[in-house]
Every structure is written in structure tokens, then in C-alpha cells.
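Please read the structure below before turning to the comments.
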Amino acid sequence: TQLLEQSPQFLSIQEGENLTVYCNSSSVFSSLQWYRQEPGEGPVLLVTVVTGGEVKKLKRLTFQFGDARKDSSLHITAAQPGDTGLYLCAGALSVTSGTYKYIFGTGTRLKVLA
Amino acid sequence: DSGVTQTPKHLITATGQRVTLRCSPRSGDLSVYWYQQSLDQGLQFLIQYYNGEERAKGNILERFSAQQFPDLHSELNLSSLELGDSALYFCASSVGGGLIYEQYFGPGTRLTVT
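Residue numbers (the working numbering), protein chains in the order written: chain A, 1 to 114; chain B, 1001 to 1114.
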């Protein structure tokens, strides 16, 4: 069974603090995505990383794909209450040429207090 | 609003019954994905269709089946329902079926089996 472990599971921080969420697996992924999900809604894609070692920045969010494409991290600088939500990583595993199945992480529930 | 619609929003049914969940993808999207999200299992990929054909299969039970119709809408059929099938079921769509295409998630159908 392919698993994507996320840590921490829960995180409650004050506005303005920095935080890092980790996503780890023993499997090698063709790509890794990060999503944010609000209560009662579907996940919304934040970023896709494809190349080992790749770093992408989205305003205060920095995403990194591990060199071996087995792990990833999401770093948020100066967190704001609007960052509150469930953060999910998802890895794409190649099934056949051009087709993939998607493994989602266990999730990190972030709460940013004003 | 992602542009993906799912009906019904809520569904309550008894064990042993059969239900059908419906998904309409975003205009122009050819690929549809089905996911199950429960508290203990997280978000699980079930199955993907591309332009009417099954493309990839995840952790879909034999009691579950899906199809994508010529107008590209998709249905997920769940039969012989068990208490453990209670979950949020999400549909997502993308333009293509490969790795680089962003998936847009619908609002989900909450299924409660009593």
C-alpha cells in the first residue's frame, strides 16, 4: 500500500508565525501536488511540482519537492488567519505510460489565530 | 466555484441499498476522477475516466462502479451499501488525462448509510 504521511497532523499557531508541513513516502512520485481544503468544499490545487529538488513559491508559500521525489514540504511565512484550512499533499504514481493514480496524504489541519 | 457540479449534495440511505452519484465536469474537460473522503481513510482515489473510457483505477471496491457518458458527465454507482461507505464523495475534472493537467474538484456528495 502506498502511503503519504503528513506531519504534523494538527497545527495551531499565532498570526505572523512561520510553519512547515512535511509530506513523506517510500514511493517515488511522478509529480506531487499540494491542495487546501475548506470545510464543506472540495480541495483546491495550490501547486504542482514535477522535478526532484524543485522549489516553487506562491506569495508567502514555498513548496519543495525532494531530490528523490519521495517527499515534499510546504513552508508558510508570516501565517495569516486566511491560511486556516486542511492542507493535503497528493502524489501521482505512474500506472502505465501516460496514466497515473493519485495518492493523497493524511492531511495537516492548520489553524491560524488572530 | 470550480465549475464542476455534483448531485445530490446530501444522501441518506440504508444498508444494503444502491445509490447513484452524478458529476458534470467543467465545460471542455474530458477527464473525470472520483474520490472518497472519510475521517479514518482520508482522501482516496477511486477511478478516472477520459473521454468515456476508464483510464486508471485506484482503491475502488467491486460493489462500486462508474461510467462516463458521451456528454462527458459521469456517474458513480454504489451498491450493497455498508455503514463504512458513509463518506464524502468528490468528483474532479481536468482538460486532459495526463500528469500536467490541473484537477478541479466539485463540492462533493455527502453519503450517510444508516
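Think of the CB as a built atom: it goes at the ideal place given N, C-alpha and C, for glycine as much as any other residue.
Take residue i and list the residues in its own chain whose beta-carbon comes closer than 6 Å to its own, dropping the five residues that flank it on each side.
i                       : result
residue 1052 of chain B : 1068
residue 53 of chain A   : 67
residue 1010 of chain B : 1110
residue 91 of chain A   : 4, 29, 32 and 103
residue 16 of chain A   : 78
residue 1026 of chain B : 1003, 1004, 1093 and 1104
residue 55 of chain A   : 64
DSSP has residue i in a bridge; who is on the other side?
i                       : result
residue 50 of chain A   : Answer is none; residue 50 of chain A lacks a bridge partner.
residue 44 of chain A   : A:36
residue 1042 of chain B : B:1038
residue 91 of chain A   : A:32 and A:103
residue 1110 of chain B : B:1010 and B:1088
residue 83 of chain A   : Looking at the DSSP assignment, residue 83 of chain A forms no beta bridge with any residue, so it has no partner.
residue 22 of chain A   : A:7 and A:73
With a cut-off of 8 Å on the beta carbons, I'd call residue i and residue j a contact; round off their distance for me.
i                       : j                       : result
residue 83 of chain A   : residue 49 of chain A   : No, residue 83 of chain A and residue 49 of chain A are not in contact; Cβ-Cβ is about 19 Å, not under 8 Å.
residue 1097 of chain B : residue 1030 of chain B : 7 Å
residue 1037 of chain B : residue 1087 of chain B : 6 Å
residue 44 of chain A   : residue 63 of chain A   : Their Cβ separation, rounded to whole angstroms, is 15 Å, which puts residue 44 of chain A and residue 63 of chain A out of contact at 8 Å.
Would you tell me roughly how many angstroms separate the C-alpha atoms of residue i and residue j, rounded to the nearest one?
i                       : j                       : result
residue 39 of chain A   : residue 1076 of chain B : 23 Å
residue 106 of chain A  : residue 1071 of chain B : 34 Å
residue 77 of chain A   : residue 1079 of chain B : 46 Å
residue 25 of chain A   : residue 1042 of chain B : 16 Å
residue 74 of chain A   : residue 102 of chain A  : 19 Å
residue 1058 of chain B : residue 6 of chain A    : 20 Å
residue 1018 of chain B : residue 41 of chain A   : 25 Å
residue 1013 of chain B : residue 57 of chain A   : 45 Å
residue 1089 of chain B : residue 19 of chain A   : 30 Å
residue 22 of chain A   : residue 89 of chain A   : 9 Å
residue 9 of chain A    : residue 65 of chain A   : 20 Å
residue 1103 of chain B : residue 108 of chain A  : 20 Å
residue 72 of chain A   : residue 51 of chain A   : 11 Å
residue 85 of chain A   : residue 12 of chain A   : 11 Å
residue 1062 of chain B : residue 1050 of chain B : 20 Å
residue 1003 of chain B : residue 87 of chain A   : 21 Å
residue 1040 of chain B : residue 1001 of chain B : 27 Å
residue 1060 of chain B : residue 1033 of chain B : 12 Å
Skipping 5 residues on each side, what residues in its chain have a beta carbon closer than 8 Å to that of residue i?
i                       : result
residue 1015 of chain B : 1081, 1082, 1083, 1113 and 1114
residue 1101 of chain B : 1031, 1094 and 1095
residue 70 of chain A   : 24, 25, 26, 27, 28 and 29
residue 81 of chain A   : 15, 112, 113 and 114
residue 93 of chain A   : 2, 27, 29, 30, 100, 101, 102 and 103
residue 1055 of chain B : 1031, 1048, 1049 and 1097
Keeping to the same chain, check which residues put their C-beta closer than 7 Å to that of residue i; ignore five residues upstream and five downstream.
i                       : result
residue 1108 of chain B : 1006, 1088, 1089 and 1090
residue 60 of chain A   : 76, 77 and 78
Checklist entry - Any chance the region 1065-1077 of chain B sits against the region 1030-1049 of chain B, with 3 or more Cβ pairs inside 8 Å? => result At 8 Å Cβ cutoff, the stretches touch.
Checklist entry - How do the region 97-114 of chain A and the region 1075-1084 of chain B stand: do at least 3 beta-carbon pairs fall below 8 Å, yes or no? => result Short answer: they don't touch.
Next on the checklist: For the region 1018-1028 of chain B against the region 26-41 of chain A, do three or more pairs of beta-carbon atoms, one drawn from each stretch, fall closer than 8 Å, so that the two count as touching?
Outcome noted: Segment contact: the region 1018-1028 of chain B against the region 26-41 of chain A, fewer than three CB-CB distances shorter than 8 Å; contact not assigned.
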